[in-house]
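**Q** Using the working numbering, the first residue of the sequence shown is number 1, and each one after it goes up by one. For every residue, glycine included, the Cβ atom is placed at its ideal position computed from N, Cα and C. A single structure is presented below for examination.
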Amino acid sequence: MKAMSETWRTTKTIAHKLQTFINWCLRRIEGLRWYNRVTNEELLERTRDSSEPRG
Numbered sequence: 001m002k003a004m005s006e007t008w009r010t011t012k013t014i015a016h017k018l019q020t021f022i023n024w025c026l027r028r029i030e031g032l033r034w035y036n037r038v039t040n041e042e043l044l045e046r047t048r049d050s051s052e053p054r055g
């Protein structure tokens, strides 16, 4: 059971690091800097509309 919990912890860590990288990329694309004080939720809301296919 211990091996499974270590694997799960690693998976959660990797998922967190991946989301952090995605947020960093989105902030660069949007031209946001640290002093703009945009939360991750606001960032995803801003970029969600632009990622949907337009028809």
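Tell me which residues share the same chain as residue 48 and place their Cβ nearer than 8 Å to its Cβ, disregarding the 5 neighbours each side in the sequence.
**A** Along the sequence shown, read from residue 1 onward, the residue named residue 48 stands at position 48. Closer than 8 Å at the Cβ level, and outside the excluded window around residue 48, lies no residue.
**Q** I'd like the list of long-range same chain contacts for residue 23, defined as Cβ closer than 7 Å, with 5 residues on each side in sequence excluded.
**A** Here the question's residue 23 lines up with position 23 in the sequence shown. Within the same chain, residue 23 has close Cβ partners 40, 43.
**Q** With a cut-off of 8 Å on the beta carbons, I'd call residue 30 and residue 9 a contact; round off their distance for me.
**A** For the purposes of this step, residue 30 is taken as residue 30 along the sequence shown, with counting starting at 1. For the purposes of this step, residue 9 is taken as residue 9 along the sequence shown, with counting starting at 1. Going by Cβ atoms, the distance from residue 30 to residue 9 rounds to 32 Å, so no, they are not a contact pair.
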